[in-house]
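Undergrad: Numbering (our numbering), first residue to last: 6 to 162.
Even for Gly, the Cβ is constructed at its ideal location relative to N, Cα and C.
Model, not experiment: these values are computed from the prediction.
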Amino acid sequence: MEYLQHFLYPSSFFASKDPYVVKTVLGSCVAVCLWDKRLHIGGINHYMLPSWSGNDLASPKYGNIAIDKLVEKMLSMGSRLEDLQAKVFGGGELLDIGGVRSSTMIGERNITIAKIMLEEKKIPVVGSSTGGKRGRKILFFTDTGEVRHKFLEKREF
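1. At what residues does the beta strand (DSSP E) containing Arg63 begin and finish?
2. Spell out a yes or no on whether the stretch 56–70 and the stretch 38–48 are touching, meaning 3 or more CB-CB pairs, one atom from each, closer than 8 Å.
3. Given a cut-off of 8 Å on the beta-carbon distance, is the pair Lys66 and Phe18 in contact?
4. Rounded to a whole number of angstroms, what is the C-alpha to C-alpha distance between Asn69 and Met53?
5. On the DSSP bridge assignment, give the partners of Asn50 in chain order.
6. I want to know whether the stretch 152–159 touches the stretch 109–120 - three or more CB-CB distances under 8 Å.
7. Given Glu124, which residues of its chain have a CB within under 8 Å of its CB, disregarding the five upstream and five downstream residues?
8. Excluding five sequence neighbours on each side, which residues of the same chain lie with their C-beta closer than 7 Å to the C-beta of Gly137?
9. Which residues mark the beginning and the end of the beta strand (DSSP E) in which Thr135 is found?
10. Please tell me whether, using a cut-off of 7 Å, the distance from the CB of Trp57 to the nearest non-hydrogen atom of the ligand ADP is below it.
11. Would you report the Cα separation of Arg153 and Gln10, rounded to the nearest angstrom?
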């Protein structure tokens, strides 16, 4: 099958009824992939920070906004919450200052917001690769829900 291709930049999301392979690269950022097992359609987001504080623009840069926007988009395409399943990737702690782990733990907080929000929406997480000290490149197939990923060495960023 010939797939349309889309590169997903940070602070954005993408969903389509057409079969796409969506590529993105993650460090401390997290990507949530949603797939509708009934309609065989999918969507993905790529967020940088866990929660919007209400101070600046409510953008998909923030996990709580990005997840809500992706779910809304999937519902607008005919999905039902009970037909959605999720896969979560990223959230690595790549900032290593003299062997000391970054005190901000952005990656860990990004993973946590995904788990909390998906649980609240009763969307099961059926696969994940999160945490660690390396980045990831992922390929998400919107028509099957398949995700291929590989770990990256720091020089690949």
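TA: Let me lay it out:
1. First, the amino acid is wrong: residue 63 is Ala here, not Arg. Taken as a continuous stretch (DSSP letters only), Ala63 belongs to no beta strand (DSSP E), as it is neither H nor E.
2. The stretch 56–70 and the stretch 38–48 do not touch, with fewer than 3 CB-CB distances between them shorter than 8 Å.
3. Not closer than 8 Å, so no.
4. Asn69 and Met53: Cα-Cα distance of roughly 11 Å.
5. Beta-bridge partners assigned by DSSP to Asn50: Phe18.
6. Too few Cβ pairs lie closer than 8 Å, so no.
7. Result list for Glu124: empty, nothing under 8 Å.
8. Within the same chain, Gly137 has close Cβ partners Gly97.
9. Looking at the DSSP string, the run of the beta strand (DSSP E) that includes Thr135 is Val130 to Thr135.
10. Within the structure as shown, the ligand ADP is missing, as the structure has no ligands at all.
11. In this model, Arg153 and Gln10 are separated by some 14 Å (Cα to Cα).
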